[in-house]
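Chemist: Here the sequence shown is numbered in numbering that gives the first Met the number 0, starting from 0 and rising by one per residue. Quick one: structure below, then a few questions.
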Amino acid sequence: MVNIFNVLMKFILKILKIFMTPNKIEQDEIKKEFQIINNSVKGITVSYYIFKTLFSKRNSLEMRKNQAESNLETMKYYGSFFAETELSHVINFVMRITNCFDTLFYKGKESLNIKGLINKMSYNIGDFYHLIKKHKSTLLDLRKIRNKNFAHLDPDLINRSFVILGVEELIHATQELLNNIGNHIYGSYFLDWDITKNSTIRDVEYLLSNLSKYHINLICEGIKNLGKDIT
0 MVNIFNVLMK FILKILKIFM TPNKIEQDEI KKEFQIINNS VKGITVSYYI FKTLFSKRNS
60 LEMRKNQAES NLETMKYYGS FFAETELSHV INFVMRITNC FDTLFYKGKE SLNIKGLINK
120 MSYNIGDFYH LIKKHKSTLL DLRKIRNKNF AHLDPDLINR SFVILGVEEL IHATQELLNN
180 IGNHIYGSYF LDWDITKNST IRDVEYLLSN LSKYHINLIC EGIKNLGKDI T
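Rendered as structure tokens:
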């Protein structure tokens with residue numbers, strides 16, 4: 000019964016394609032690819048700001064020294080969780096943002112990327128090349144990190160501190176380009192990326208604050224119990 004249903008659905012789809020204009024099919028494919036890339040960049044944004052917020056909250060140059068030290072102690076107490084969380088999100092945004100610009104590194108036609116999407120549209124490719132020219136050194140650094148640290152286990156590991164320097168500008172430029180492409184596809188389109196950024200930062204701060212309070216309560220409880228044992 001299931002096989003008959005599948006065969007029937009395939010037949011219906013073939014009939015629909017006959018009556019759909021090539022332009023309609025093409026537009027649907029473009030919209031689908033745009034949404035995939037757009038969702039990927041949203042994931043990149045979330046992962047980057049999780050990483051950056053955790054980094055900033057223990058950095059005494061960005062926080063009051065006593066607060067930074069308190070956050071660091073909390074992160075050490077939950078060491079396995081924070082170490083793996085931070086590393087996982089670094090891997091996520093490095094791998095996914097290099098995927099968006101895969102034509103720089105991979106010639107396979109099956110790779111879904113921003114340039115491939117633009118080539119299917121009547122959109123100005125110059126915007127893409129302007130982004131590449133401005134941020135090419137960052138993209139090449141990301142590729143090096145991806146290949147040496149994440150795609151393969153190179154013993155000569157590269158310091159991950161670079162991500163604070165050039166990646167944020169690249170992410171902002173990519174977001175702006177996608178908003179322009181989306182506006183071209185849909186006629187009216189705008190995604191407020193600051194909402195994604197700010198909500199991510201707020202969530203990390205909320206998590207860290209509550210874990211810090213819990214950690215302090217554990218210490219206080221331990222001191223109380225110690226006092227009882229002494230008396």
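A virtual CB, placed ideally from N, CA and C, is assigned to each residue, including glycine.
Take every Cβ of the segment 38-51, pair it with every Cβ of the segment 86-94, and state whether three or more of those distances are shorter than 8 Å.
Modeler: Contact between the segment 38-51 and the segment 86-94 is present, because at least three Cβ pairs lie under 8 Å.
Chemist: If we ignore side chains and look at the alpha-carbon of each, how far apart do I124 and L177 end up?
Modeler: Along the sequence shown, one-based indexing puts residue 124 at 125. Along the sequence shown, one-based indexing puts residue 177 at 178. Between I124 and L177, the C-alpha separation is close to 12 Å.
Chemist: Can you give me the C-alpha to C-alpha distance between I49 and I113, rounded to a whole angstrom?
Modeler: By 1-based counting over the sequence shown, the position of residue 49 is 50. By 1-based counting over the sequence shown, the position of residue 113 is 114. C-alpha separation (whole angstroms): 24 Å.
Chemist: Quick check on E167: does DSSP put it in helix, strand or coil?
Modeler: Translated into positions along the sequence shown, residue 167 becomes position 168. Three-state result, E167: helix.
Chemist: What separation, rounded to the nearest whole angstrom, lies between the Cα atoms of Q174 and N38?
Modeler: As a first step, residue 174 must be located in the sequence shown, where it is residue number 175. As a first step, residue 38 must be located in the sequence shown, where it is residue number 39. Their backbone Cα atoms lie some 11 Å apart in a straight line.
Chemist: Closest to Y185 by CA distance: which of M120, L207, N98 and S87 is it?
Modeler: Sequence index remark: in the sequence shown, residue 185 carries index 186 (1-based). Nearest option by C-alpha distance: M120.
Chemist: Within a Cβ cutoff of 6 Å, which residues of the same chain sit near S110, ignoring the five residues on either side of it in sequence?
Modeler: Here the question's residue 110 lines up with position 111 in the sequence shown. Only D101 meet the Cβ criterion.
Chemist: Short of 8 Å in beta carbon distance, which residues of its chain neighbour E28, apart from the five on each side in sequence? Order them along the chain.
Modeler: On the sequence shown, position 29 is the one that residue 28 refers to. So the list reads K119, once near-sequence residues are dropped.
Chemist: Leaving out five residues before and five after N179 in sequence, what residues of the same chain have Cβ atoms less than 7 Å from its Cβ?
Modeler: Here residue 179 is taken as the residue at index 180 of the sequence shown, counted from 1. Closer than 7 Å at the Cβ level, and outside the excluded window around N179, lie D126.
Chemist: On the DSSP letters alone, give me the boundaries of the alpha helix (DSSP H) that A67 sits inside.
Modeler: Counting from 1 along the sequence shown, the entry for residue 67 is found at position 68. Note, A67: alpha helix (DSSP H), K64 to Y76.
Chemist: Kindly indicate the opening and closing residues of the alpha helix (DSSP H) around L141.
Modeler: For the purposes of this step, residue 141 is identified with residue 142 of the sequence shown, where counting begins at 1. Residues G125 to I144.
Chemist: Please report the residue range of the alpha helix (DSSP H) in which G261 lies.
Modeler: Here the chain covers residues 0 to 230 and nothing more, so residue 261 does not appear.
Chemist: Roughly how far, in whole angstroms, is the beta-carbon of L169 from the beta-carbon of I117, given that I think they are within contact range, below 8 Å?
Modeler: The residue labelled residue 169 in the question sits at position 170 within the sequence shown. The residue labelled residue 117 in the question sits at position 118 within the sequence shown. About 17 Å separates the two Cβ atoms, so there is no contact after all.
Chemist: So, are the CB atoms of L53 and F80 less than 8 Å apart?
Modeler: Locating residue 53 in the sequence shown gives position 54, where the first residue counts as 1. Locating residue 80 in the sequence shown gives position 81, where the first residue counts as 1. For L53 and F80, no; Cβs fall outside 8 Å.
Chemist: Does the segment 55-74 come within contact of the segment 202-211, defined as at least 3 CB pairs closer than 8 Å?
Modeler: Yes: at least three Cβ pairs fall under 8 Å.
Chemist: Rounded to whole angstroms, what is the Cα-Cα separation between R63 and E204?
Modeler: Here the question's residue 63 lines up with position 64 in the sequence shown. Here the question's residue 204 lines up with position 205 in the sequence shown. Looking at the two C-alpha atoms, the distance is approximately 15 Å.
Chemist: Mapping the DSSP letters down to three states, classify K114 as helix, strand or coil.
Modeler: The residue labelled residue 114 in the question sits at position 115 within the sequence shown. K114 falls in the helix class under three-state DSSP.
Chemist: With distances taken Cα to Cα, identify the nearest neighbour of W241 among K147, D140, A172 and D202.
Modeler: Limits of the chain in this structure are 0 at one end and 230 at the other, which puts residue 241 out of reach.
Chemist: Have a look at E32, L130, K41 and Y122 and flag the residue whose alpha-carbon is nearest the alpha-carbon of N197.
Modeler: Taking the sequence shown and counting its residues from 1, one reaches residue 197 at position 198. Among E32, L130, K41 and Y122, the Cα nearest to that of N197 belongs to K41.
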